[in-house]
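In this note's numbering, the protein residues as written are 2 to 385. Presented below is the structure to which this report refers.
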């Protein structure tokens, strides 16, 4: 694995404790990933002091709240050789005093063809940078981050959480028999335009299919639903589209996952793909674009892959205008409506292929990306 240290596990000198700074109580991706990493530290039996960087969101599950409470230790319990881990964007890397720590590790991610220019110096001030994918190993080092500092630390998942029966989701409007689901925080990089245009070109109201978009926003002044609905073409016989615009507790979200036929992401630059991973763990088929970080664990044996075009294209103009320090001059996958249509139709039409792909995906997640398996990688990366 790129950036992984060599050595036998039993010979590795490990830190006596970890100071963990991150968005551990956040409902979004950073929160989910942080809590899964904490579960790995619990498996490794390494004492942890938790410093929560954000709010405590009520939507996270009670078992995750219990985890945070049970493993949190005072700093005095971290022993004589602790390390500091900051799981966030590099903007937070310089916030903490590193005195008394063996090393300072930053864990982060970015989804386009390079990282923001100002991130490079922030990353290079750390002793190590952990990124989840080989894709990010290359984008970070090619942007100027010292390659000797970069380690690949994949995301893991609590597979048992998804391997159970869930209550049917209570829809406000009953969807049709076959359902495509896309769930994410609202952002212009998520490809809602591409998804809706493709769905409305490929299907009509005569097809027994519904596209379900579950989204939410952090900023209250953004009318996400109105923006998403603006992508729906004005024409006759539009296929069934259901938009759910709300924050959801985890048990409801998992119920929604379980009640849908197939997951689809048209995120043109996907840093990892945690919802795809979660749906795979449930044994559901997944559609995703064959570019960026999701290629770490998705292939044509376990995913309906949307093939991008050969060339990249500039990111959405809204991102460059509203967040120029992050996205100005960046590129991502160029994807045709035709390729999305073709892949959606394939998944809709071919039940046998859906079952095979879903089975392969679940086996891959269970065997390669469980908490216990990825904890082995963390153990090597934590070695002093």
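Glycine included, every Cβ here is placed at the ideal spot set by N, Cα and C. Keep in mind it's a predicted model, so treat the numbers as computed, not measured.
Across the structure, residue 160 and residue 236 are spaced so that their CA atoms are roughly 43 Å apart.
Below 8 Å, enough C-beta pairs join the stretch 72-86 and the stretch 50-60 to call them touching: three or more. The Cβ neighbour count for residue 88, taken over all protein chains shown within 10 Å, is at least 16; the residue is labelled buried. Shown here for residue 332: same chain residues with a beta carbon closer than 7 Å to its own, the five before and five after excluded, namely 113, 114, 313, 314, 315, 316 in chain order. Short of 6 Å from the beta carbon of residue 308, and not among the five residues preceding or following it, lie these beta carbons of its own chain, in chain order: 291, 340. Contact between the stretch 347-359 and the stretch 141-156 is not established, with fewer than three Cβ pairs separated by less than 8 Å. Around residue 239, the same chain offers 201, 206, 233 as residues with beta carbons nearer than 7 Å, after the five sequence neighbours per side are excluded. Apart from the 5 residues on each side of it in sequence, residue 210 sits with its Cβ closer than 8 Å to the Cβ of 177, 178, 179, 180, 181, 204, 240, 241, 349 in its chain, given in chain order.
When C-alpha distances from residue 35 are compared across 213, 133, 281, the shortest belongs to 133. In the three-state DSSP reduction, residue 61 falls in the coil class, being neither helix nor strand. Going by C-alpha positions, residue 130 is about 26 Å away from residue 65. Between the C-alpha atoms of residue 56 and residue 26 there is a straight-line separation of about 7 Å. Between residue 286 and residue 78, the alpha-carbon positions lie close to 44 Å from each other. Nearest in C-alpha terms to residue 344, of all of 328, 101, 361, 301, is 301. Residue pairing of residue 371 in beta bridges, as defined by DSSP: 158.
Here the stretch 272-283 lies against the stretch 253-262, with 3 or more beta-carbon pairs under 8 Å apart. Burial state of residue 266 is buried, judged by a 10 Å Cβ sphere holding 16 or more other Cβ atoms.
Membership of residue 45 in any alpha helix (DSSP H) is not indicated, and neither H nor E is assigned to it by DSSP. The Cβ atoms of residue 76 and residue 32 do not sit closer than 8 Å to each other. If you look at residue 264, you'll find it in the beta strand (DSSP E) that goes 263-265. Closest option to residue 144, judged by alpha-carbon separation, among 124, 163, 212: 124. Residue 72 and residue 245 have their alpha carbons spaced roughly 35 Å apart. Counting other Cβ atoms within 10 Å of its Cβ, residue 227 stays below 16 and is therefore classed as exposed. Take the alpha-carbon of residue 99 and the one of residue 324: they are about 30 Å apart.
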